[in-house]
Structures are given as C-alpha cells and as structure tokens.
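Take our numbering: the last position of the sequence shown gets the number 1722, and nothing is skipped along the way. Built from N, CA and C at the ideal position, the CB exists for glycine as well.
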Amino acid sequence: MKKAFKLTAFTLILLLIFTMGFQVYGKSNKTMTVSFQTDITTLDPAIGYDWQNWSIIKSMFNGLMDYKPGTTQLIPDLAASYTVSPDGKTYTFKLRQHVTFGNGREVTASDVKYSLERVLDPQTQSPGSGFYTNIAGADEFSAGKAKTVTGITVPDKYTVKFTLVKPNAAFLHTMALNFAFVVPKEAVAKYGKDFGHHPVGTGAFYLKEWVLGQRLVLAKNPHYHVANQPLLDEIVFQIGLDPTVALLKLQHGEIDLLGDGIPSSRFVEVMKDPKLKKLIVEASQLQTGYVTINTQMKPFDNVKVRQALNMAVNKPRIIQVINGRASVANQILPPLMPGYDPSYKGYPYDPAGAKKLLAEAGFPNGFSTVLYANNVDPNPRIAQMLQQDLANIGIKVELKTLAQSTVIEAGGTKATAPLVWSGGMAWIADYPDPNDFYWPILGSASAAPGGWNWAWYAKAEFDKRAESADVISDPAQQGKRIKLWQGIFTDIMKEDAPWIPIFNEKRYALHSARIGGANALFADPIHIPVYYNGVYAK
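Below is the structure:
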C-alpha cells in the first residue's frame, strides 16, 4: 500500500523557494549559468586585463570597433563609420546616434575622448595605457604637462578624431580593446575607484546583482543598439565552484558553461563520453607557450647554446601532459596569427645535434642552470619534462616552481631567471595583429624592469624592421606588411633563438545541451567566449 503524501506548509515554502531559485539562477528558458572558481576582480574596462573578466566586460560595454563574433575580422561598433587619412596618422570616427548608457544618457564623442584620457591618466592605473601612447599629446597628458590629450579632438557631437605621432597599422585593433570602451564620466565620478563594482556601459547586458564570492548576474539591456540582441535574458555567473564540481553540476543540468574549462583530471573521461563529447567546442587560440632564454646571461648569450636548447626539447611528449590539448609550436607566432609562416619548420628535435652545438659553443660537458615555472598544475610537471630533456644533452637544471607573482618578478623585474617556462603566463594576443607578439615581449623597450620581455632580447635591427612594418597603414598594402612581419619573426628564431616555442594551446569549451549558438561563439579567438551574440537557451 502506498503512503499518502501530505504537502505541509513548510514543504510548500521549501518547494516555492527551490522553484524560484531554480528559475532565477540558471534554469529559466532564457538564462545561461556559467561557473567560475574565483571571483571576478573588476568590471571596469579601463582596469580589467585577465581572461576571466574580459568577456564579461565585453558583454557590458562597447568601443568604437569590435570583431565579428567567432572571427578576427574588425567591424565598427559604436562607430557608424570611420576614415583614415592618406598618411595613416589621422583616424576620424562618426558615432552611431541614439546609443545610450545604462543610465539613459546618449553617448557622444566627448564620452569617447573622456574614456581614452581616463585610461591615459596615471591615477587610473590602467594596464592598457601603453596601447595609446602613440596618440599625439598622450605623453604630455600622462606626465601632467597638459590638461587634455591634444591628439583627441571632438569636431561635433558625433565625431571624434585621433591624430597619431606616427602611423600605426594596429590602431583600429587598439580601438576594439576593452581599454577603449566608452564609459560615462558622471558614473565614474559617482563611484570613483569602485566603478568596477558599479559598472555603467552601453552593452548587451547590465549588472543586476553581484554578491561577492557567490554570484554575479547580468540582465538583458532592452535598449541595446544591436537589433535582435541579446537572445538571452540573463547570464548568471556562479562563483566559488571547483572545476570538478562544476563539471558534475553541468552533467546534472545545473550549469550551462564551464568558465574555467574542462578540468585536466577529467579531460580524457569527458572526451570518451559520447553525450559530453558532442557538447564540446574545440578551437585554436592566439596563444604560444614558450620557454624564455635570458640572452644577457652567460652561457645563454651564445646563440649556439640557445639553438641547442631548442633542439633538445621533445614537444609532443610535453603535450601529452596536457592531454593533447595543443599543437606543436615551431615559431613565435601561433598559426591563427597573420604573419605565421607555414613554410618555416623551426628547430628539429635532435638531441645529438644539440650536443654538437654545445660542444661548438665550448660546453662539451654541458653546464648547470635554473628553470623557473608557475607552481600551478600542470606547469610543475611540464617543468620536470623540460628538466629531463635538457639533462639528456648534459645540462643540469634546478627547478624553481613558485607562485606566479614570484616567477614574474624573477623573469621581468629582477632579471634573475635564466630560463622561464611561461605556462599559466603564456602570451595570448591582446588583438589579432603580429605587432602584439613583438613590442610587449621581444621589443627593446620591453627589455626593462617590469616588462614582459623575459628573454631580455633587444636588437635595434628588428626594432627598425618592426617600425617599418607598423607604418604601413594602407589596407591595400596589408599583404606587404604581413610579409614583413613574417620575415621578422622567422629571422629572430633563425638568427637569435631567444625562445623555445613549445606549444599552441587549444581551447575546449563544454556547454550544456540547452545552450545553442554557432560553435565559434563558445571558443572565440578574441573573447572567451562571446556570451551574447547568437547564444541562446533552448
């Protein structure tokens, strides 16, 4: 005999609470729930500079330029159109009219000028200020010698003009970075340094709720300027979920997208699961993982030693440590980046040849050195494999697997690291232009304390060649420009070998069956992922 079920008042209340929470936090038909282990640091576009907050900021703000979702193709965004002067030094943007901030005020050209000057203001402490120092008057403004940036002018309410010190073919890309996203001056004045927790933008979503350490909720902007977007009503970011727990929640229908990716310990299992595998989107990234070789430190000031190190590393074996989630890198640029040279095969894996080069360099019995690496898995295991490979050619390597901040200090501030495995800190392009893989990490100016040129590589010849490539701003001449960049990067590796390129990591996005959209949207090469444009809930 079946027992009768009695719905008590207490049970009814619990049921109502559960049902309401189930609907609001991820289960209504037009809500997507994303998991993250750690909280978002800021939603201020002038400050945010990590993989976690970039796409959330992108969902809430806009700049003059953007990328077609799933591609590296530049398109106007807040700009209705733009023109470039024949000398490549003046960019004039006409704004879309009737675009409003979340506070209801219309966006004007003065807002664009204010937003860029805010980034260049040292008080803001924006990590993106260096992208805009080529604007005329930027240095004077940043130094406090001028009250405004003379190279940013506002001819009328809907026109903003930028004048550069010298042509920069990547300037339109910098206008698509989050640092150039437009913010309202009055909101920044109201919240001050806490604007990042009270963001006001023009994007597809606005901040509805943020409970630190628990959840962040974005709601659809009914006044968004792009027609028929977004398709989602809400995005809920659940904070504090271990990636393994998040995977279980996705399998039980409680999570729609793994913000931290598929946990390494479960990757093989997930790939073998037919139900989960069909929900995985695989894509390449504009990323290279590499070992920097301090070119100013003996014995690495000898190019034959650096070439020997390149020939000593068994890269396919290292890729096995990350479950095959990468392709072998044979050069500095990743395959998706314009300027990648498919004909250049790099240094072969040849331990015998490496030993011969060491002998020619005066080290027939090898030598001892130190390799620094981030202490977060799988980086210590990768460092151990590098240690073994170098031991095979007579190089004894001491490993220092430390906190990321300590490794960054050793590599870029104190210059005490002979070798650095970049894992966890590997270069992912800020924008899809080859100059972003040169000036920040290989240019002479970045071989300075606090810079990211941990090879301390500085060569005037290549700086001049890079400058010659960057001044070619005519769209009709971009093929020539990319050819110049291709030659720069292959020649750097052939002549100087300041890096050991190891792999180009692939991105694997796992989403629930109820979330749909073009696959490229879940593994976008620029944004990680595109949370709004074309993503929907079934």
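- Shown here for F1389: same chain residues with a beta carbon closer than 7 angstroms to its own, the five before and five after excluded, namely S1243, M1244, L1402, A1403, K1404, N1405, P1414, I1419 and Y1716 in chain order.
- Taking 8 angstroms as the cut-off, the Cβ atoms of T1308 and Y1528 do not count as close.
- Our two residues, Q1504 and A1411, have alpha carbons roughly 45 angstroms apart in a direct line.
- Within 10 angstroms of the beta-carbon of K1462 lie fewer than 16 other beta-carbons, which makes it exposed.
- It is roughly 11 angstroms from the alpha-carbon of K1643 to the alpha-carbon of S1630.
- Excluding the 5 residues flanking it on each side, E1679 has same chain C-beta neighbours closer than 8 angstroms at V1487, in chain order.
- Below 8 angstroms, enough C-beta pairs join the segment 1467 to 1479 and the segment 1610 to 1623 to call them touching: three or more.
- In the pairwise beta carbon analysis, the segment 1514 to 1529 is classified as not touching the segment 1560 to 1579: fewer than three pairs are separated by under 8 angstroms.
- Look at D1378 here: in three-state DSSP terms it is helix.
- In the pairwise beta carbon analysis, the segment 1622 to 1640 is classified as not touching the segment 1530 to 1539: fewer than three pairs are separated by under 8 angstroms.
- R1501 sits exposed, since fewer than 16 C-beta atoms from the chains shown fall within 10 Å of its C-beta.
- When C-alpha distances from A1293 are compared across V1719, Q1236, D1271 and F1365, the shortest belongs to F1365.
- It is roughly 19 angstroms from the alpha-carbon of L1586 to the alpha-carbon of N1637.
- By the 16-neighbour rule on beta-carbons within 10 angstroms, H1436 is exposed.
- Annotated as proximal: G1700 and K1722, with beta-carbon spacing under 8 angstroms.
- Beta-bridge partners of A1693 (DSSP): V1465.
- Taking A1681 as the centre and dropping the five residues before and after it, the same chain places the C-beta of V1487, R1490, Q1491 and N1494 closer than 7 angstroms to its C-beta, in chain order.
- Judged by DSSP in its simplified three-state form, T1428 adopts helix.
- Around the beta carbon of G1335, 16 or more other beta carbons lie within 10 angstroms, which makes this residue buried.
- Positions of the alpha helix (DSSP H) runs, each at least 4 residues long and wholly inside the segment 1301 to 1329, are given as 1322 to 1326 in order along the chain.
- Contact check for L1583 against A1599 fails: the beta carbons are separated by 8 angstroms or more.
- In this structure, S1269 sits away from L1304, with a CB-CB distance that is not shorter than 8 angstroms.
- Burial of I1231 is indicated by the presence of at least 16 other C-beta atoms within 10 angstroms of its C-beta.
- Ranking F1551, Y1375, L1555 and F1346 by CA distance to the CA of G1321 puts F1346 first.
- Taking C-beta atoms under 8 angstroms as the contact rule, G1272 and P1339 fail to qualify, at a distance of about 20 angstroms.
- Here S1265 is bridged, per DSSP, to K1278.
- Burial check for N1563: the Cβ neighbour count within 10 Å reaches 16 or more, so the residue is buried.
- About 5 angstroms separates the beta carbons of F1220 and I1423, which is inside the 8 angstroms limit, making them a contact pair.
- Residue burial is scored here from C-beta neighbours: K1297 has at least 16 other C-beta atoms within 10 angstroms and is therefore classed as buried.
- Look at Y1298 here: in three-state DSSP terms it is helix.
- Distance from the Cα of L1396 is smallest, within the candidate group G1312, I1506, F1706 and F1421, for F1421.
- Straight-line spacing of the CA atoms in V1291 and V1344 works out to 12 angstroms.
- E1438 carries a coil assignment under DSSP once its states are collapsed to helix, strand and coil.
- CA-to-CA, the gap between P1447 and P1427 works out to about 6 angstroms.
- Between the alpha carbons of Y1275 and I1259 lies a gap of roughly 15 angstroms.
- If the five residues before and after A1430 are omitted, its C-beta is found closer than 6 angstroms to the C-beta atoms of S1219, I1439 and L1442, all from its own chain and listed in chain order.
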